[in-house]
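Working notes, structure below.
Residue numbers (our numbering): 603 to 955.
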């Protein structure tokens, strides 16, 4: 075990602090207190991961992957539908959670082990990876939770690209994706997902319907100006013009209240978080450790880019939350666990799997 680097926990705490301040302004009655409760539970779980260590955690990776698939199947049988997606599971006295969040962590760990075994060269290698990626993506997609399915796909794509793919095979994969999107993906979208896509292309076509969220979001972001309107002084957010202001559309709340300066500070903190993670990955001597940390980077960075892109009208609405900022106990705990996993892998980087 080597001396732990405290840069990652410090930056994480700063992002989390900005998130809690923003959430205290955006949240409805009781939500902020519940978020603090989940934060406390997440800290305890992170402490357990720190104590367990890398070697014992990675040995449990195959079991975690199987468990995540089992929970995804279970959510289809006894799960609860929220906002049109049957993605929440309630087991006895435990608070509700989304198994898709556990699946993201499990997929990162499974892919880190699988990609390390041998280079991606033959068709059998792609079939082996597909056997790992397609089950969780498919189970999440039919909930339907397009946002989480996209995150899982991004994790797999990012880790595979970092591992290395011959350019000819990469070109073939891009052509296959280009063919599959209009022939397989688009025809199978739900009506509300089609509306989101249309509103992205032309939100003004239905300003009181499918385009309402994006229009109100961009108004809030623009009205913040340089320094913002002040804590709990944003008219768009406080008067209820922004739907889901505590979850998917929390960035406009921050932008309206703290302005351009506050928004840039948050983006810089995210940038520092990604830089620190990549630096940690480069310091690891085992490729599996490097791939695992890269998977955590992709997990968080993809969600940040898509969430902020949606609020600025630069991406279709997908239901992806802003890590460490948006309200959501499962999302918060899973993000903290992912960062703790990266921290432990770097701390124990000289310990073999």
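Where a beta carbon is used, it is the ideal one built from N, C-alpha and C, also for glycine.
Measure the C-alpha to C-alpha separation of residue 948 and residue 729 and round it to an integer number of angstroms. 30 Å
Proximity winner among 611, 890, 739, relative to residue 953 (alpha-carbon distances): 890
For residue 816, the nearest candidate out of 841, 835, 846, 828 (CA to CA): 846
Just to confirm before moving on: does the CB-CB distance between residue 624 and residue 852 stay below 8 Å? yes
Suppose contacts are defined by Cβ-Cβ distances below 8 Å. Is residue 926 in contact with residue 621 by that definition? yes
Is there contact between the region 858 to 872 and the region 665 to 673, where contact requires at least three CB pairs shorter than 8 Å? no
For the alpha helix (DSSP H) containing residue 656, list its first residue and its last residue. 656 to 661
According to DSSP, is residue 684 helix, strand or coil? strand
Any idea if residue 662 is buried or exposed, counting beta-carbon neighbours within 10 angstroms, 16 or more meaning buried? exposed
When 912, 900, 871, 813 are compared against residue 849, the one with the closest alpha-carbon: 912
Do residue 760 and residue 900 count as a contact pair if the criterion is CB distance below 8 Å? yes
Pick from 895, 607, 928 that is closest to residue 905, judged by C-alpha positions: 928
Those residues which DSSP pairs with residue 699 across a bridge: 691
Pull up the distance between the alpha-carbon of residue 740 and that of residue 650, whole angstroms please. 31 Å
Considering only residues of the same chain and omitting the five flanking positions on each side of residue 681, which have a CB-CB separation below 7 Å? 688, 689, 690, 691
Can you tell me the Cα-Cα spacing of residue 619 and residue 868, whole angstroms? 10 Å
Extent of the continuous alpha helix (DSSP H) to which residue 814 belongs: 814 to 825
Could you check how far apart the C-beta atoms of residue 647 and residue 939 are, in whole angstroms? I think they sit under 8 Å. 6 Å
Measure the Cβ-Cβ separation of residue 702 and residue 747 and say whether it is below 8 Å. yes
Beta-carbon separation (whole angstroms), residue 932 vs residue 699, contact threshold 8 Å: 4 Å
Residue 930 beta carbon less than 8 Å from that of residue 757: no
Residue 937 burial status per 10 Å Cβ neighbour count (16 or more: buried): buried
What's the gap between the Cα of residue 717 and the Cα of residue 657? 18 Å
Nearest-angstrom Cα separation, counted from residue 824 out to residue 946: 40 Å
With burial defined as no fewer than 16 other Cβ atoms inside 10 Å of the residue's Cβ, what is the status of residue 603: buried or exposed? The predicted position of residue 603 is uncertain, since its pLDDT is 49 and thus under 50; a value taken from the coordinates is nonetheless stated next. Label assigned to residue 603: exposed.
So, residue 903 versus residue 892, is the Cβ gap smaller than 8 Å? no
So residue 878 and residue 609 are supposed to be a Cβ contact under 8 Å. How far apart are they, rounded? 5 Å
In whole angstroms, what separates the C-alpha of residue 676 from that of residue 705? 13 Å
Should residue 813 be labelled buried (16 or more other beta-carbon atoms within 10 Å of its own) or exposed? buried
Could you compute how far the alpha carbon of residue 895 sits from the alpha carbon of residue 636? 29 Å
In or out: residue 732 buried (at least 16 other Cβ within 10 Å) or exposed? exposed
When you compare only the Cα positions, how much space is there between residue 745 and residue 920? 14 Å
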